[in-house]
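The structure under discussion appears below in the form of structure tokens.
There are 2 protein chains.
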Amino acid sequence: MRAPGLLEARQSLAPYARPAVAVDLVILTRVDEALHVLLIRRGEAPFAGRLALPGGFLRVGDGVEDQGEDLDRAAARELQEETGLAPGDVLLEQFATFGRPGRDPRMRVLSVAYYALVRPEVAQRVRAGGDAAETCWAPVAELAGSTLAFDHGHILEVALGRVREKLDTSSLAFSLVPESFTIPELRAVFSAVKGEPQDPGNFRRKVKRLVEDGVLETAPGRRRTASKPAALYRFRAAPRR
Amino acid sequence: MRAPGLLEARQSLAPYARPAVAVDLVILTRVDEALHVLLIRRGEAPFAGRLALPGGFLRVGDGVEDQGEDLDRAAARELQEETGLAPGDVLLEQFATFGRPGRDPRMRVLSVAYYALVRPEVAQRVRAGGDAAETCWAPVAELAGSTLAFDHGHILEVALGRVREKLDTSSLAFSLVPESFTIPELRAVFSAVKGEPQDPGNFRRKVKRLVEDGVLETAPGRRRTASKPAALYRFRAAPRR
DNA sequence: GCAATAGTGTCTTTAAGACACTATCAT
DNA sequence: ATGATAGTGTCTTAAAGACACTATTGC
Chain R
1 MRAPGLLEAR QSLAPYARPA VAVDLVILTR VDEALHVLLI RRGEAPFAGR
51 LALPGGFLRV GDGVEDQGED LDRAAARELQ EETGLAPGDV LLEQFATFGR
101 PGRDPRMRVL SVAYYALVRP EVAQRVRAGG DAAETCWAPV AELAGSTLAF
151 DHGHILEVAL GRVREKLDTS SLAFSLVPES FTIPELRAVF SAVKGEPQDP
201 GNFRRKVKRL VEDGVLETAP GRRRTASKPA ALYRFRAAPR R
Chain U
1 MRAPGLLEAR QSLAPYARPA VAVDLVILTR VDEALHVLLI RRGEAPFAGR
51 LALPGGFLRV GDGVEDQGED LDRAAARELQ EETGLAPGDV LLEQFATFGR
101 PGRDPRMRVL SVAYYALVRP EVAQRVRAGG DAAETCWAPV AELAGSTLAF
151 DHGHILEVAL GRVREKLDTS SLAFSLVPES FTIPELRAVF SAVKGEPQDP
201 GNFRRKVKRL VEDGVLETAP GRRRTASKPA ALYRFRAAPR R
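In structure tokens, the structure reads:
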């Protein structure tokens, strides 16, 4: 009981072999002034023993009646499986898809890549994934030498470039500080992402403008530190500009 | 004669059904002060008779020995097939991947989406695609009402957002003017993409800065028009700032 | 000459960079 | 009291927006 046109269309698609599709995650957090990425050590071939980005295969269902899970949902599921973190704890955004033939020696695999930005206090809750693999936070600046599995080094570079691009023009930075944060904490995010120190005075002026524009608001309490306590701020809404 | 680890790995992948993967193109050019997108009218179900973005399926080979074509190459091939344009004539960049279950009623299909920016004089060379379907340039501003096939309306929106974002921070605009262009021509690109007129004086000042910075250089000749001829410029290198 | 569009100049506001300085906390 | 870090103020330069004005071409 199918329309002929539909049948034809389906047949015209049938000849094409299909790639496997994975979702890989660049999970970033900030430790002091350095950006860190979550890596897992692979237990199996290929690239056994090498560090890799966490990820997994997209669930497609039977492909017709049940078309499976959404890409964003697959990314959130992988994040949950690998770190125990729920979406809502993190900013999770797709940034590119990688599909060079040969990037996985076993078979044709596309990787839809997401970056996840994790607040520092949440990052501490991360526990080893269900695959029981060894996971660790690695400082991205010191990763230049070591080669990651597959093309994950390249994927990481692209992710960092994108995060750097969006830092000044989106509200992305607020996902790398606690919900209530101090100006020096936010400044540390900018230092870590841009890889160069930010002037305290000028940075403070920029934050003040955001408060005036209603993007940020003051939050109750102060951050207790080893010296003078700092005032707290909190994100309100809408990307700036 | 396979390593056991590899066999295990392959088997662990086998249970997963695979999605079909298409590459879809948002082909943009500028006509006067309005941005236009190339659409094709679908001849087959689903969405027969509706306008859609050009695109096609990724070639994957047998998936092991021959892993098929690269994503960028697939996009260039589709562009060639649908318009007759060669890469080099256009700027072609991947911008996002769409995979909502149900976006294609036939089966699970992911769409890796590219935008292509076409110079106006090149756009005139575009001829109907090999699929013999009707193709046309549609002004994007007047497309609000009409619903495109699949989620192509959404894909178009995302493409436009991305192009708008990158207009001021990349050399993308120079792909929407002739290789030698006048300041008013470039200004028309900015007007079309941003959707609002650009001040002639201020815009000229911005271009002058690019010349001083070595991003642009003067080109020989002048553009003959109905009134005063305009001086020509040409792109030299590197995205600005 | 005249219409049309290229091209110039000026005034104001906003934001960034550099950097000296003051204030307030824990110990 | 003192060291450390939070927070303030100022000077300069770069760039954006608004807008009045002049110059050069085709017809």
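Heads up: the protein sequence lines correspond to chains R and U, in order.
Our numbering numbers the first residue of the first sequence as 1 and each following residue consecutively.
Our numbering numbers the first residue of the second sequence as 1 and each following residue consecutively.
All C-beta atoms, glycine included, are put in the ideal place defined by N, C-alpha and C.
Taking just the CA atoms, how far does R:S111 sit from U:F203? Within the second sequence, residue 203 of chain U is the residue found at index 203, counting from 1. Within the first sequence, residue 111 of chain R is the residue found at index 111, counting from 1. For U:F203 and R:S111, the distance between alpha carbons rounds to 41 Å.
Below 8 Å on C-beta distance, what does U:E69 contact in chain R? In the second sequence, residue 69 of chain U corresponds to position 69, counting from 1. The contacting residues are P101.
Run through DSSP, which three-state label would R:S191 get? As a first step, residue 191 of chain R must be located in the first sequence, where it is residue number 191. R:S191: helix per DSSP, three-state reduction.
Per-residue DSSP class, three states only, for R:L91: Here residue 91 of chain R is taken as the residue at index 91 of the first sequence, counted from 1. For R:L91, the secondary structure class from DSSP, reduced to helix, strand or coil, is strand.
Grab me the residues of R:A192's own chain with a C-beta within less than 7 Å of its C-beta, minus the 5 sequence neighbours each way, in chain order. For the purposes of this step, residue 192 of chain R is taken as residue 192 along the first sequence, with counting starting at 1. Cβ neighbours of R:A192 beyond the five flanking positions: R30, E33, A34, L35.
Do R:R50 and R:T147 have their beta-carbon atoms positioned less than 9 Å apart in this structure? Here the question's residue 147 of chain R lines up with position 147 in the first sequence. Here the question's residue 50 of chain R lines up with position 50 in the first sequence. Between R:T147 and R:R50, the gap from beta carbon to beta carbon is short of 9 Å.
According to DSSP, is R:P178 part of a helix, a strand, or is it coil? Position 178 of the first sequence, counting from 1, holds the residue named residue 178 of chain R. Note: R:P178 maps to coil in three-state DSSP.
Quick check: the stretch 145 to 162 of chain R against the stretch 35 to 46 of chain R, are there 3 or more CB pairs under 8 Å? Touching, yes, given that three or more Cβ pairs across the two stretches are closer than 8 Å.
Whose C-beta lies closer than 6 Å to the C-beta of U:P4 among residues of the same chain, with five residues either side of it excluded? Translated into the one-based positions of the second sequence, residue 4 of chain U becomes position 4. Only weak support exists for where U:P4 lies, its pLDDT of 41 falling under 50; the value from the coordinates is given anyway. Excluding sequence neighbours, U:P4 sits near nothing in its chain.
In terms of residues, what are the limits of the beta strand (DSSP E) holding R:L39? Against the first sequence, residue 39 of chain R aligns to sequence position 39. Residues 34 to 41.
Using the beta-carbon count (16 or more within 10 Å), is U:Q11 buried or exposed? Translated into the one-based positions of the second sequence, residue 11 of chain U becomes position 11. Note that U:Q11 has pLDDT 41, beneath the 50 cutoff, so the model's placement of it is unreliable and the number below is only indicative. Classification of U:Q11: exposed, given that the 10 Å Cβ count is below 16.
In whole angstroms, give me the CA-to-CA distance for R:E121 and R:P220. Working through the first sequence from its first residue, we reach residue 121 of chain R at position 121. Working through the first sequence from its first residue, we reach residue 220 of chain R at position 220. Distance between the alpha carbons of R:E121 and R:P220 is about 18 Å.
Compute the Euclidean distance between the alpha carbons of R:V60 and U:G102, then round it to the nearest angstrom. The count along the first sequence starts at 1 and reaches residue 60 of chain R at position 60. The count along the second sequence starts at 1 and reaches residue 102 of chain U at position 102. R:V60 and U:G102: Cα-Cα distance of roughly 11 Å.
Is it the case that the Cβ atoms of R:A159 and R:L28 are separated by a distance below 9 Å? As a working note, residue 159 of chain R is residue 159 in the first sequence. As a working note, residue 28 of chain R is residue 28 in the first sequence. Against a cut-off of 9 Å, the Cβ pair of R:L28 and R:A159 comes out as a contact.
Do U:A76 and U:G55 come within 9 Å of each other at the CB atom, strictly closer than that value? Here the question's residue 55 of chain U lines up with position 55 in the second sequence. Here the question's residue 76 of chain U lines up with position 76 in the second sequence. In this structure, U:A76 does not lie closer than 9 Å to U:G55 by Cβ.
Taking 9 Å as the CB-CB cut-off, is R:V112 touching chain U? Within the first sequence, numbered from 1, the residue matching residue 112 of chain R stands at position 112. For R:V112, at least one C-beta of chain U is nearer than 9 Å to its own C-beta.
Candidates U:R18, U:E65, U:P139, U:L167, of which the one nearest U:K194 by Cα: On the second sequence, residue 194 of chain U is found 194 positions in, with the first residue counted as 1. Looking at the Cα atoms, U:L167 is the closest of the given residues.
Note down the Cα distance separating R:A173 from R:D24, rounded to an integer number of angstroms. Within the first sequence, numbered from 1, the residue matching residue 173 of chain R stands at position 173. Within the first sequence, numbered from 1, the residue matching residue 24 of chain R stands at position 24. Rounded to the nearest whole angstrom, the C-alpha separation of R:A173 and R:D24 is 21 Å.
Short-range partners of chain R found in the stretch 49 to 67 of chain U, where Cβ spacing is below 9 Å: From the stretch 49 to 67 of chain U, only F57, L58, R59, V60, G61, D62, G63, V64, D66, Q67 have a Cβ closer than 9 Å to chain R.
Just checking my contact of R:V126 with R:G84 at CB under 8 Å: how many whole Å lie between their CB atoms? Translated into positions along the first sequence, residue 126 of chain R becomes position 126. Translated into positions along the first sequence, residue 84 of chain R becomes position 84. Right, their Cβ atoms sit about 7 Å apart.
Nearest by alpha-carbon distance to U:R187: which of U:A123, U:Q198, U:A74, U:K228 is it? On the second sequence, position 187 is the one that residue 187 of chain U refers to. Minimum Cα distance to U:R187 is reached at U:Q198.
Less than 9 Å between CB atoms is the rule here; does R:V21 satisfy it with respect to chain U? The residue given as residue 21 of chain R occupies position 21 in the first sequence. The beta carbon of R:V21 falls within 9 Å of a beta carbon belonging to chain U, placing the residue at that interface.
Relative to the alpha-carbon of U:T135, which residue among U:P178, U:L53, U:S170, U:A141 has its alpha-carbon at the smallest distance? Numbered from its first residue, the second sequence carries residue 135 of chain U at position 135. U:T135 has its Cα closest to that of U:L53, out of U:P178, U:L53, U:S170, U:A141.
Report yes if the CB atom of U:P19 is closer than 9 Å to the CB atom of U:R100, and no otherwise. Position 19 of the second sequence, counted from the first residue, corresponds to residue 19 of chain U. Position 100 of the second sequence, counted from the first residue, corresponds to residue 100 of chain U. In this structure, U:R100 does not lie closer than 9 Å to U:P19 by Cβ.
Does DSSP classify R:D151 as helix, strand or coil? The residue you call residue 151 of chain R lines up with position 151 of the first sequence. Under the three-state reduction of DSSP output, R:D151 falls in the coil class, being neither helix nor strand.
Where does U:E217 fall in DSSP's three states? Residue numbering aside, residue 217 of chain U sits at position 217 when the second sequence is read from its first letter. U:E217 carries a strand assignment under DSSP once its states are collapsed to helix, strand and coil.
Tell me which same chain residues have a C-beta within less than 6 Å of the C-beta of U:F190, skipping the five on either side of it? Your numbering for residue 190 of chain U matches position 190 in the second sequence. Scanning its chain for C-beta atoms nearer than 6 Å, with the 5 sequence neighbours on each side dropped, one finds around U:F190 the residues Q198, in chain order.
Is it buried or exposed, R:Q124, if we count other Cβ atoms within 10 angstroms and call 16 or more buried? Counting from one through the first sequence, the residue named residue 124 of chain R turns up at place 124. Answer is exposed; the Cβ neighbour count stays below 16.
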